[in-house]
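For reference, the structure discussed in these notes is given below.
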């Protein structure tokens, strides 16, 4: 049975382990706003709602909308899953062809703890992963923010970027989702046992974190290696490099390109020095790697590093407020993990 390890941090070699800290003492301490990079067209069969929720998951809101609008959950689209213990804003779409929104929709939602910030029509359903960034405002406290190194840690993250770990919420309480994924893949993945693909996602996330931790330990997580697949900052565009040169090294140093790690599945392995890390994954976790390949899921890539967008820090009495945006799919908890030990 696989247990979650303590993965490498990027700042420990310079500052030592961070001190304990607290976040999310209340939902208002963890604020998230999903950002699209396009504007709905103001006409069409789908009603798009930008909503604010508190202490509810995205799927909770889907169930509420399904009931009020008289549609199935399949008729409701969303781009990303947002945290429960938080105040979050995100878009959802409801398929209402030839129908107006139910009378009193905003009031009914408000009574159930969901505020409609904006609503507009659009021709298409909102698909997963189409938002560009998430904007975070986090309030943290505890011994971590009183340490002499706290500001230096923050400044270093702004300068060098942050290890792009999948957050602990991906693996469930005490890593139970990972243990379930291991069992499912060991006996042979079937869609009827994992209709949302959560077990596949959990296994791929774990393997990615393992590879990233290994490259952090070797000091190569933000340096291009021969055989690496690099990703252009702010995009999903990738290109392979057979060899590194001064130009690539310089581009990585200013966060223009990032080395990537494999999201395991069917596809070609890396070459050169980068291939050794994937070979090590296969050796250490044959059940997960083999099970993912047999499932037929296609291999893809994820940047090993994320840039903090528009980072800001403000002191508020005995707390610190951090504000920044991250590319979709990146976790604010990965940022916090570099700054403090979570109690």
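Numbering (the working numbering), first residue to last: 652 to 994.
Ideal Cβ placement from N, Cα and C applies to all residues, glycine included.
Note that this is a predicted model, so its numbers are computed, not measured.
Quiz item: Rounded C-beta distance between residue 743 and residue 716? I'm assuming under 8 angstroms.
Solution: By a beta-carbon distance limit of 8 angstroms, residue 743 contacts residue 716. Their separation comes to about 6 angstroms.
Self-check item: Alpha carbon of residue 839 to alpha carbon of residue 655, nearest angstrom
Solution: A direct Cα-Cα distance of roughly 22 angstroms separates residue 839 from residue 655.
Quiz item: The alpha helix (DSSP H) with residue 849 in it runs from where to where?
Solution: Note, residue 849: alpha helix (DSSP H), 849–869.
Quiz prompt | Alpha-carbon to alpha-carbon, residue 841 and residue 920 | solution = Straight-line measurement puts the Cα of residue 841 at about 24 angstroms from the Cα of residue 920.
Exercise. Using a threshold of 8 angstroms, state whether the C-beta atoms of residue 766 and residue 703 are closer than that.
Key: For residue 766 and residue 703, yes; Cβs fall inside 8 angstroms.
Quiz item: Under the rule that 16 or more other beta-carbon atoms within 10 Å means buried, what is residue 751, buried or exposed?
Solution: Counting Cβ neighbours within 10 Å, residue 751 comes out exposed, since fewer than 16 surround it.
Quiz prompt | Same chain, Cβ closer than 7 angstroms to residue 821, neighbours up to 5 away in sequence not counted | solution = Within the same chain, 853 and 856 come within 7 angstroms of residue 821 by CB-CB distance, once the 5 residues on both sides are set aside.
Quiz prompt | Exposure label - residue 896; buried when at least 16 CB within 10 Å | solution = Its Cβ having fewer than 16 others within 10 Å, residue 896 is exposed.
Exercise. Return the first residue and the last residue of the alpha helix (DSSP H) that residue 785 is part of.
Key: That residue, residue 785, is in no alpha helix (DSSP H); its beta strand (DSSP E) goes 784–792.
Quiz item: What residue does the alpha helix (DSSP H) around residue 933 start on, and which one ends it?
Solution: 926–935 is the span of the alpha helix (DSSP H), which, as asked, contains residue 933.
Exercise. Less than 8 angstroms between the CB atoms is what I'm expecting for residue 975 and residue 787, so what's the real figure, rounded?
Key: About 6 angstroms separates the two Cβ atoms, so the contact holds.
Quiz item: Which ranges does the beta strand (DSSP E) cover as unbroken runs of at least 3 residues, wholly within the region 710–752, from first to last along the chain?
Solution: Here the runs fully enclosed are 727–729 and 738–746.
Quiz item: Which residue's Cα is closest to the Cα of residue 945: 837, 812 and 754?
Solution: Cα-wise, what sits closest to residue 945 is 837.
Quiz prompt | Reference residue 659, options 862, 823, 741 and 758, closest by Cα | solution = That would be 862, whose Cα lies nearest to the Cα of residue 659.
Quiz item: With distances taken from CA atoms, which of 972, 952 and 698 is nearest residue 756?
Solution: Looking at the Cα atoms, 698 is the closest of the given residues.
Exercise. Assign residue 993 to one of three DSSP states: helix, strand, or coil.
Key: The answer is strand: DSSP assigns residue 993 an E or B state.
Quiz item: How many whole angstroms separate the CB atoms of residue 827 and residue 850, which I take to be in contact at a CB cut-off of 8 angstroms?
Solution: About 11 angstroms separates the beta carbon of residue 827 from that of residue 850, a gap too long to meet the 8 angstroms contact definition.
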